[in-house]
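Visitor:
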Amino acid sequence: MNRFLRLILSLVVLAVGLALSGCAGAQTALETIQKNRLIKIAIPVDFPPYGFVGTDLQPQGLDIDMANYIGAKLGVKVELVTVSSANRIAYLQTKKADLVISTLGKNAEREKVIDFTAAYSPYFQAIYGAKTLSIKSVDDLKGKTIAATRGALEDQELTKIAPSGTEIKRFEDNNATVSAFVSGQTQLLATGASVASNMIQRNPQLNAEYKLLLKDSPNFIGVAKGEESLRVRVNAIIAEAKKSGDLDKMAQKWLARGAGQLPD
Amino acid sequence: MRVALEFFPVLEEWPLLLTGIAWTLLLTAASTFFGLLLGTVCAYLRTQGPEWCRPFIVGYVELIRNTPFIVQLFFIFFALPAAGIRLSAEVASVLAMVINLGAYSADIVRAGIQATPRGQIEAALSLSLTHRQVFTRVVLPPALQRVWPALVSQIIIVMLGSAVCGQISTEELSYAANLIQSRNFRAFEAFIVATVLYLVLSVFVRHFFQWFGRRFVFGASRG
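Chains as they are written, first to last, in my numbering: chain A, 1 to 264; chain B, 265 to 487.
1) Quick one: residues in its chain with C-beta nearer than 6 Å to the C-beta of Ile127 (chain A), no 5 flanking neighbours on either side, listed in chain order?
2) When DSSP labels each residue in this structure, what does Val100 (chain A) get in the three-state scheme?
3) Which residues in chain B have a C-beta closer than 7 Å to the C-beta of Ser179 (chain A)? List them in chain order.
4) Asn219 (chain A) lies in the beta strand (DSSP E); which residues open and close that run?
5) Nearest by alpha-carbon distance to Ala42 (chain A): which of A:Thr94, A:Ser10, A:Lys35 and A:Thr55 is it?
6) Within the same chain, show all residues whose beta-carbon is closer than 6 Å to that of Tyr308 (chain B), passing over the 5 residues directly before and after it, in chain order.
7) Identify each residue in the segment 420-443 of chain B for which the Cβ-Cβ distance to at least one residue of chain C is less than 7 Å, and report them in chain order.
8) For Arg350 (chain B), which residues in chain A fall below 9 Å Cβ to Cβ?
9) Which residues mark the beginning and the end of the beta strand (DSSP E) in which Ser121 (chain A) is found?
10) Taking any Cβ of chain A, which residues in the segment 311-332 of chain B have a Cβ under 9 Å from it, in chain order?
11) Tell me where the beta strand (DSSP E) around Gly383 (chain B) begins and ends.
12) Could you tell me whether the Cβ of Leu290 (chain B) comes closer than 8 Å to any Cβ of chain A?
13) Pro263 (chain A) by DSSP, collapsed to three states: which one?
14) Buried or exposed, going by whether 16 or more other CB atoms sit within 10 Å of the CB of Pro49 (chain A)?
15) Using the Cα positions of Ile146 (chain A) and Gly303 (chain B), report the straight-line distance between them to the nearest angstrom.
16) Output needed for Leu247 (chain A): all residues of its chain with C-beta closer than 6 Å, excluding positions within five of it in sequence on either side, in chain order.
17) Got a sec: is the Cβ-Cβ distance from Arg170 (chain A) to anything in chain B below 8 Å?
18) With 8 Å set as the bound, which would you pick, yes or no: does the beta-carbon of Ser417 (chain B) sit closer than that to a beta-carbon of chain A?
19) Mind checking if Gly151 (chain A) is an interface residue toward chain B, Cβ cutoff 8 Å exclusive?
20) With C-beta atoms as the reference, is Lys40 (chain A) less than 8 Å away from Asp115 (chain A)?
21) What residues in the segment 292-303 of chain B bring their beta carbon closer than 8 Å to a beta carbon of chain A?
22) Could you run through the segment 80-94 of chain A and flag, in chain order, every residue whose CB is less than 8 Å away from some CB of chain B?
23) If you follow the beta strand (DSSP E) that Ile146 (chain A) is in, where does it begin and where does it stop?
24) Tell me which residues share the same chain as Asp140 (chain A) and place their Cβ nearer than 7 Å to its Cβ, disregarding the 5 neighbours each side in the sequence.
25) Could you name the residues of the same chain whose beta carbon sits closer than 7 Å to that of Phe181 (chain A), not counting the 5 residues immediately before and after it, in chain order?
26) Looking at chain A, is there any beta carbon in it that lies within less than 8 Å of the beta carbon of Ala360 (chain B)?
27) Could one say the Cβ of Ala451 (chain B) lies closer than 8 Å to chain A's Cβ atoms, at least one of them?
28) Could you give the distance in angstroms between the alpha-carbon of Gly61 (chain A) and the alpha-carbon of Trp254 (chain A)?
29) Could you tell me the distance, in whole angstroms, from the CA atom of Arg59 (chain A) to the CA atom of Tyr123 (chain A)?
30) Using 10 angstroms around the beta-carbon of Arg6 (chain A), count the other beta-carbons present and answer buried if the total reaches 16, otherwise exposed.
31) For a test of the three-state rule: what should DSSP assign to Phe449 (chain B), helix, strand or coil?
32) Taking only heavy atoms of the ligand COA into account, decide whether any of them is closer than 7 Å to the Cβ of Phe449 (chain B).
33) Straight-line CA distance for Cys23 (chain A) to Glu111 (chain A)?
34) Pick out whichever of B:Leu365, B:Thr296 and B:Val322 has its Cα sitting closest to the Cα of Phe476 (chain B).
35) Which value, in whole angstroms, describes the spacing of the CA atoms of Gly487 (chain B) and Gly323 (chain B)?
36) Kindly list the residues whose CB is nearer than 7 Å to the CB of Leu158 (chain A), restricted to its own chain and excluding five residues on each side of it in sequence; keep chain order.
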């Protein structure tokens with residue numbers, strides 16, 4: 001009984017403590033950032049070329065560049081917080097991060113729990129192939145062999161748009177699909193931007209390049225719900241970067257393709 | 265938990281399933297023919313062939329019997345292109361299955377050959393048959409008859425093993441089942457259908473080869 005009471009008591013103390021700490025954060029996130037001269041940004045390290053660990057063991061990639069870019073524009077120090085796809089929204093909700101720049105796509109379920117800025121980088125499924133192969137439109141796919149991962153978004157899109165006479169070779173996972181293309185078993189490769197740029201980086205001898213867009217699903221920056229001042233400030237930075245061409249430069253550097261038309 | 269089984273979305277894709285069955289049977293037929301041929305030649309070389317070629321046969325049999333089929337398949341499809349040998353998914357599948365069945369059947373047939381009583385061979389030789397005649401007429405048919413059930417089992421195993429050929433985009437039965445379930449998310453139903461089809465195929469193939477063996481392989485030479 002005594003032990004039980006003690007447990008209840010400690011839970012109560014914990015709850016009160018949590019409630020108090022919640023009250024303490026009366027400042028907006030933007031005010032806190034400016035006061036501490038520090039912004040905490042959640043980034044991925046398992047998703048090249050958006051975020052990965054380089055040979056020097058430092059995170060790098062498009063998302064990391066974007067995080068540093070925003071830090072520089074705000075004139076504050078950036079603290080990078082490593083997150084995974086599964087926990088990135090939780091980091092935002094618990095204020096362990098002020099921003100999530102982690103190939104975050106926008107959808108209705110997520111909009112219920114966090115807010116989104118404008119899109120900052122493209123994510124897309126596309127068709128890739130050797131520079132010597134001329135693919136200008138969907139009709140040029142006729143008679144070509146294309147590797148795709150069975151059941152993935154790109155397989156579904158490709159199956160929809162490919163003209164008859166296109167040979168779609170479907171593989172079990174991304175690795176087998178990429179291997180089939182790299183070993184020359186297929187002429188073309190349909191895959192996500194991150195997989196493709198990784199493949200191109202590691203196999204320069206293939207001379208592969210971006211050919212055709214299959215589907216766009218751009219990345220947005222996540223902000224905790226209700227942090228309107230921070231969201232507006234970041235949006236202004238994105239709009240400016242869009243105008244100055246900095247976003248294009250970043251996309252070109254990491255994705256071998258311009259940023260294109262990004263939704264606000 | 266209640267599971268509502270809906271087979272219609274799967275059976276609706278019957279052209280895919282039919283193509284899958286056709287490919288599975290075609291792969292099995294081709295690999296059985298060439299695989300048993302390869303296995304018999306290897307068994308002959310290992311038991312009666314020149315001394316120098318025996319280590320090669322032993323090496324081949326051990327290499328194949330002690331590595332997974334899917335690795336052999338991936339080697340042929342993904343690795344050989346680096347050496348300039350580019351095979352289509354279908355040819356690579358058949359080649360992998362032939363090499364695989366060849367190694368297993370080499371050992372099975374060898375067992376049958378070694379069980380031939382010496383007296384039979386000596387009797388045949390005393391009738392002034394050549395060594396080759398002795399092997400093809402006297403040793404091989406009863407040897408095959410002795411091990412035929414084991415060989416048919418091995419053929420079935422290879423046929424079922426062809427399920428992994430879908431991994432390199434050969435459009436056999438399990439590839440069809442996988443494609444169907446990735447499109448309509450009816451995984452349970454798709455794999456139930458595939459299981460039943462494999463079962464039917466196995467029973468059919470087993471009976472076919474039992475009949476085939478009696479009729480053409482060892483039965484005919486007796487008659």
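In this text, a Cβ means the ideal position worked out from N, Cα and C, and glycines have one as well.
Guide: Taking the coordinates as given:
1) For Ile127 (chain A), where only same-chain residues beyond five positions count, the Cβ hits under 6 Å are Leu188, Ala190, Lys211 and Leu212.
2) Reduced to three states, the DSSP call for Val100 (chain A) is strand.
3) Among the residues of chain B, those whose CB is under 7 Å from the CB of Ser179 (chain A) are Phe342, following chain order.
4) Asn219 to Ala224 is the extent of the beta strand (DSSP E) around Asn219 (chain A).
5) Nearest option by C-alpha distance: A:Thr94.
6) Cβ contact annotation for Tyr308 (chain B) (same chain, cutoff 6 Å, sequence separation greater than five): none.
7) Among the chains of the structure shown, chain C does not appear; the protein chains present are A and B.
8) The answer, in chain order, is Ser183, Gly184 and Gln185.
9) It spans Ile114 to Ser121 - the beta strand (DSSP E) in which Ser121 (chain A) sits, taken as one unbroken run.
10) Answer in chain order: no residues at all.
11) Run containing Gly383 (chain B): none in the beta strand (DSSP E); it sits in the alpha helix (DSSP H), Arg382 to Ser390.
12) Leu290 (chain B) does not count as touching chain A.
13) Looking at Pro263 (chain A) - three-state DSSP - the assignment turns out to be coil, as it is neither helix nor strand.
14) Its Cβ being crowded by 16 or more others within 10 Å, Pro49 (chain A) is buried.
15) Distance from the CA atom of Ile146 (chain A) to the CA atom of Gly303 (chain B), rounded to whole angstroms, is 36 Å.
16) Taken in chain order, the residues that qualify are Ala241 and Ala259.
17) Residue contact with chain B for Arg170 (chain A): present (Cβ-Cβ distance below 8 Å to some residue of chain B).
18) Chain A contact via Cβ: absent.
19) At a cut-off of 8 Å between beta-carbon atoms, Gly151 (chain A) makes contact with chain B.
20) Cβ distance not < 8 Å, so Lys40 (chain A) and Asp115 (chain A) don't count as in contact.
21) Taking 8 Å as the Cβ-Cβ cut-off, the segment 292-303 of chain B has no residue approaching chain A.
22) Within the segment 80-94 of chain A, not one residue has a Cβ closer than 8 Å to any Cβ of chain B.
23) Taken as a continuous stretch (DSSP letters only), the beta strand (DSSP E) holding Ile146 (chain A) covers Thr145 to Thr149.
24) Setting aside the 5 residues that flank it on each side, Asp140 (chain A) is surrounded in the same chain by Ser134, each with a C-beta closer than 7 Å to its C-beta; the list follows chain order.
25) In the same chain as Phe181 (chain A), and ignoring 5 residues on each side of it, the C-beta atoms closer than 7 Å to its own belong to Ala147 and Leu189, in chain order.
26) Taking Cβ atoms only, chain A never reaches closer than 8 Å to Ala360 (chain B), which makes this a no.
27) Answer no: the Cβ-Cβ gap between Ala451 (chain B) and chain A never drops below 8 Å.
28) Pairing Gly61 (chain A) with Trp254 (chain A), the inter-Cα distance amounts to about 7 Å.
29) According to the sequence shown, residue 59 (chain A) is Pro rather than Arg. Whole-angstrom Cα-Cα distance: 19 Å.
30) Result: exposed.
31) Residue state, collapsed to three classes: coil.
32) Ligands displayed in this structure: none; no statement on the ligand COA is therefore possible.
33) Low confidence applies here, because Cys23 (chain A) scores a pLDDT of 48, under 50, leaving its location unreliable; read the following figure in that light. Taking C-alpha positions only, Cys23 (chain A) is separated from Glu111 (chain A) by approximately 24 Å.
34) Closest option to Phe476 (chain B), Cα to Cα, is B:Thr296.
35) Residue placement at Gly487 (chain B) is poorly supported in this model, since its pLDDT is 41, which falls under 50; the coordinates are not used for a value here.
36) Same-chain partners within the cutoff: Ile146, Ala148, Ile168, Ala190 and Leu214.
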